[in-house]
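> Residues 54 to 164 in the working numbering are what the sequence shown lists, from first letter to last.
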Amino acid sequence: MLGLEINEARPHDKLPYRGAWLWVGAEMIHLMELPNPDPLTGRPEHGGRDRHACLAIRDVSKLKEILDEAGSQVRLLYVLAGHPYTLSRSGRPAIFTRDPDANALEFTQVD
Numbered sequence: 054m055l056g057l058e059i060n061e062a063r064p065h066d067k068l069p070y071r072g073a074w075l076w077v078g079a080e081m082i083h084l085m086e087l088p089n090p091d092p093l094t095g096r097p098e099h100g101g102r103d104r105h106a107c108l109a110i111r112d113v114s115k116l117k118e119i120l121d122e123a124g125s126q127v128r129l130l131y132v133l134a135g136h137p138y139t140l141s142r143s144g145r146p147a148i149f150t151r152d153p154d155a156n157a158l159e160f161t162q163v164d
């Protein structure tokens, strides 16, 4: 959905957990799959009120369009309170959503 590619050339680290190195343009991020001791209940509905990772994107409206078109087909996201995403409450161009483990993610628009 996000168009990120796995870096297959990245050597498999000898780490005690699973993960993936993903290309983000010319940069990489390392996502790690760790046991999550945090309960899924009691999380703020709006991801901006929870600890979260933020990715800068060029067009928030395009991501919103993709999410709206996917509707109930969005299986990559943890849907909290029936909403696959929320918009920034400050009015700036940003979308907050959650991954399948309910970790909050922010996508903010940069020019």
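For each residue, glycine too, the CB sits at the ideal point set by N, CA and C.
1) Taking its Cβ as the centre, do 16 or more other Cβ atoms sit within 10 Å of L116, making it buried, or is it exposed?
2) Can you tell me whether DSSP reads L75 as helix, strand or coil?
3) Specify the secondary structure class of A106 as computed by DSSP and reduced to three states.
4) Looking only at DSSP bridge pairs, what is R214 linked to?
5) For I110, which residues of its own chain have a beta-carbon under 8 Å away from its beta-carbon, when the five flanking residues on both sides are left out?
By the coordinates alone:
1) In the assembly as shown, L116 is a buried residue. Its beta-carbon has 16 or more other beta-carbons within 10 Å.
2) In the three-state DSSP reduction, L75 falls in the strand class (E or B).
3) strand
4) The structure shown does not extend to residue 214, since the chain is modelled only from 54 through 164, so no value can be given for it.
5) L116, F160, T161, Q162, V163
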